[in-house]
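In what follows, a single structure is set out as structure tokens and then discussed.
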Amino acid sequence: MRMWPCLSIDFTFSDFLFGARRCLSRRTNEPIPIHFESEAERTFLTLSVRAAFDLYLVARNYSPQDECIFVGINVPEMVAIARLHGLTVKAVDIDPLSTEICLEQLKARLTSCTRFVLVPHLFGARVDLRGLSSIAQQRGIDVIEDCAQAYSGRSWSGSPTTTASLFSFGPMKTATALQGGIAVVRDPQLRESMQSILASYPPQPTWRYFARLCRFTLLARFSNPWLYGIVVAVFVRCGIDHEALIHRATRSANIVLTGLHRQRPCEALQCMVRRKLTTGNAHFEKRREAGCLLHSALSQSLRIPQRDHHQSAFWVVPVLSHDVDSLKHRLRLAGFDALSSRLVSVGCSEIEGATELAQAVLLPFAPAMPREELVRLGKLVSKIEASIGES
Ligand SMILES: Cc1ncc(COP(=O)(O)O)c(C=O)c1O
Numbered sequence: 549m550r551m552w553p554c555l556s557i558d559f560t561f562s563d564f565l566f567g568a569r570r571c572l573s574r575r576t577n578e579p580i581p582i583h584f585e586s587e588a589e590r591t592f593l594t595l596s597v598r599a600a601f602d603l604y605l606v607a608r609n610y611s612p613q614d615e616c617i618f619v620g621i622n623v624p625e626m627v628a629i630a631r632l633h634g635l636t637v638k639a640v641d642i643d644p645l646s647t648e649i650c651l652e653q654l655k656a657r658l659t660s661c662t663r664f665v666l667v668p669h670l671f672g673a674r675v676d677l678r679g680l681s682s683i684a685q686q687r688g689i690d691v692i693e694d695c696a697q698a699y700s701g702r703s704w705s706g707s708p709t710t711t712a713s714l715f716s717f718g719p720m721k722t723a724t725a726l727q728g729g730i731a732v733v734r735d736p737q738l739r740e741s742m743q744s745i746l747a748s749y750p751p752q753p754t755w756r757y758f759a760r761l762c763r764f765t766l767l768a769r770f771s772n773p774w775l776y777g778i779v780v781a782v783f784v785r786c787g788i789d790h791e792a793l794i795h796r797a798t799r800s801a802n803i804v805l806t807g808l809h810r811q812r813p814c815e816a817l818q819c820m821v822r823r824k825l826t827t828g829n830a831h832f833e834k835r836r837e838a839g840c841l842l843h844s845a846l847s848q849s850l851r852i853p854q855r856d857h858h859q860s861a862f863w864v865v866p867v868l869s870h871d872v873d874s875l876k877h878r879l880r881l882a883g884f885d886a887l888s889s890r891l892v893s894v895g896c897s898e899i900e901g902a903t904e905l906a907q908a909v910l911l912p913f914a915p916a917m918p919r920e921e922l923v924r925l926g927k928l929v930s931k932i933e934a935s936i937g938e939s
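The sequence shown: position 21 = 569 (our numbering), numbered continuously.
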């Protein structure tokens, strides 16, 4: 049976050939310029957002009694990195629908030990950070903007009021290079310090990146809905939890635990990120059009985070469900493989909005899906949620 995967890998066979050629060609050891349209001189490449965040913490060298604040939800590894550096991590809630930050709660959480606030732009939509930045500026603390899910082309390089903006080119991201992070650091001293620490790291072995190219190019073939449907059917038959398997296979390995994040990106990865940075606007526009169509097919009574958000890049399309398991099960029966996200909230009290958002169901979504399938999906979700609500 045909089944649409939740996310497909945005990487073509021609990207693979380009990357493979770069891996096999002789190294020039020339610096490869990688930057956004603006803030060129403030930008540098790391292995991932997690590696860039670790680099920030190494450069700042905070002391063990220091604290930081994580806004909303994030991948568990980002929280783990802050804790590995000995920091106490506090949480601040967000609204589960608008994803706006509870600034009153933020003010209440700040102490003289708070050193920075880390705030993500979730699911591809940007939140306005001016309020948060002004509070942080008054208190003299950094704002680290996690743009891992929000890359939408090289014309937007993050919010100018933040200390640093971190972008991910990891395997499941739009315009992926299968690895890589771009850090835009606006504090000149901090940037210099991060760049000199990065320059002291050993280079990433090219064969590692080549192995990645092969693995994910193979996995990308399974985005075909017919092939994907067969594979999922086999897993279900064998009693294998395919959702856990997909998360394991597509997640970037926890390089922080192995120490491999403290490396400089190899030349082939630098070339690939540069290639992906020049992906034209049409690519992102197509994604936005498909996302808007899916949103319009979803009933107004549904709880859709960031609905009508003007600046969404539609990395994924989340829905807040009354019964997550039932929605996922019934969508699968109809050929749509909706999944839960890997995002978690930090802490557990007074962060109900973030906790609810962490339970969001991600609908299968790709610009390559035919319009009628996107509309069928939207109507089906509306129907299932209505029937769950009644029962
Ligand atoms: C919100 C958020 N932050 C950070 C990351 C980590 O990005 P990377 O894989 O580039 O380290 C991710 C990855 O999915 C993410 O979604």
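Just so you know, even glycine gets a beta-carbon here, dropped at the ideal spot from N, CA and C.
To the nearest angstrom, how far is it from the Cα of residue i to the Cα of residue j?
{"i": "Lys638", "j": "Pro918", "result": "43 Å"}
{"i": "Ala610", "j": "Gln811", "result": "First, the residue type needs correcting, since residue 610 is Tyr and not Ala in the sequence shown. When rounded, the distance between both Cα atoms is 21 Å."}
{"i": "Pro736", "j": "Gly718", "result": "26 Å"}
{"i": "Val909", "j": "Arg878", "result": "13 Å"}
{"i": "Ala725", "j": "Leu746", "result": "20 Å"}
{"i": "Arg836", "j": "Leu868", "result": "20 Å"}
{"i": "Ser660", "j": "Leu654", "result": "13 Å"}
{"i": "Asp643", "j": "Asn622", "result": "15 Å"}
{"i": "Ala723", "j": "Phe564", "result": "13 Å"}
{"i": "Arg823", "j": "Glu585", "result": "14 Å"}
{"i": "Pro553", "j": "Phe671", "result": "17 Å"}
Would you identify the three-state DSSP class for residue i, choosing helix, strand or coil?
{"i": "Asp690", "result": "strand"}
{"i": "Cys840", "result": "helix"}
{"i": "Glu648", "result": "coil"}
{"i": "Ala673", "result": "strand"}
{"i": "Pro773", "result": "helix"}
{"i": "Ile621", "result": "strand"}
{"i": "Gly787", "result": "coil"}
{"i": "Gly729", "result": "strand"}
{"i": "Val894", "result": "coil"}
{"i": "Arg575", "result": "coil"}
{"i": "Ser935", "result": "helix"}
{"i": "Ser703", "result": "coil"}
Can you check DSSP and say which residues form a bridge with residue i?
{"i": "Thr560", "result": "Bridge partners of Thr560: none, in fact."}
{"i": "Met642", "result": "Met is not the amino acid found at residue 642; the sequence shown has Ile there. Partner(s): Ile649."}
{"i": "Cys616", "result": "Val637, Phe664"}
{"i": "Ala712", "result": "Ile692, Val733"}
{"i": "Arg498", "result": "Summary: the structure shown does not reach residue 498, with the chain confined to residues 549 through 939, and so no result is reported for it."}
{"i": "Val865", "result": "Leu911"}
{"i": "Leu887", "result": "Leu910"}
{"i": "Arg851", "result": "Leu868"}
{"i": "Ser860", "result": "Ala673"}
In chain order, what residues have a CB nearer than 6 Å to some heavy atom of ligand 1?
-> The filter returns Ser596, Val597, Arg598, Asn622, Val623, Met626, Pro668, Asp694, Ala696, Gln697, Ser716, Gly718, Gly729, Ser800, in chain order.
In chain order, which beta strand (DSSP E) runs of at least 3 residues are fully inside the stretch 583-613?
-> The qualifying runs are 591-594.
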